[in-house]
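In the working numbering, the protein residues as written are 83 to 188.
In structure tokens, the structure reads:
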């Protein structure tokens with residue numbers, strides 16, 4: 083039992099949220115309903131490993147963690163996830179810069 087990993091020493095709220103509204107993210111693992119997702123049975127898959135979604139809300143949990151509400155297009159589910167359960171769909175150093183509205187594209 084000594085190899086159990088606990089998050090009790092982690093407090094993400096001392097820093098700004100890692101993800102922002104609209105960020106394209108990917109589930110690092112398959113997420114199943116633990117009983118807190120209304121309308122689905124316990125154990126139902128909410129998001130598959132590798133499924134792409136977008137951050138649509140940012141909240142907190144236990145005054146310790148950011149919880150990112152992620153809308154997954156493929157499954158149609160909106161799932162609350164911790165940072166460690168997500169990864170950027172596009173690596174941050176490769177993000178495309180979109181032109182501002184009205185700017186000339188070269």
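Glycine residues also receive a C-beta, built at the ideal position from the N, C-alpha and C atoms. As the structure is a computational prediction, the values presented were derived from the model and not from experiment.
The beta carbon of residue 159 sits closer than 7 Å to the beta carbons of 128 and 129 from its chain, once the five residues preceding and following it are set aside; these are given in chain order. Between residue 165 and residue 148, the alpha-carbon positions lie close to 7 Å from each other. For residue 102, there is no enclosing beta strand (DSSP E), since its DSSP letter is neither H nor E. In terms of CA proximity to residue 162, 138 leads the group 138, 156, 92 and 170.
In this structure, residue 132 places its C-beta atom within 9 Å of the C-beta atom of residue 109.
One alpha carbon belongs to residue 172, the other to residue 106, and they sit about 7 Å apart.
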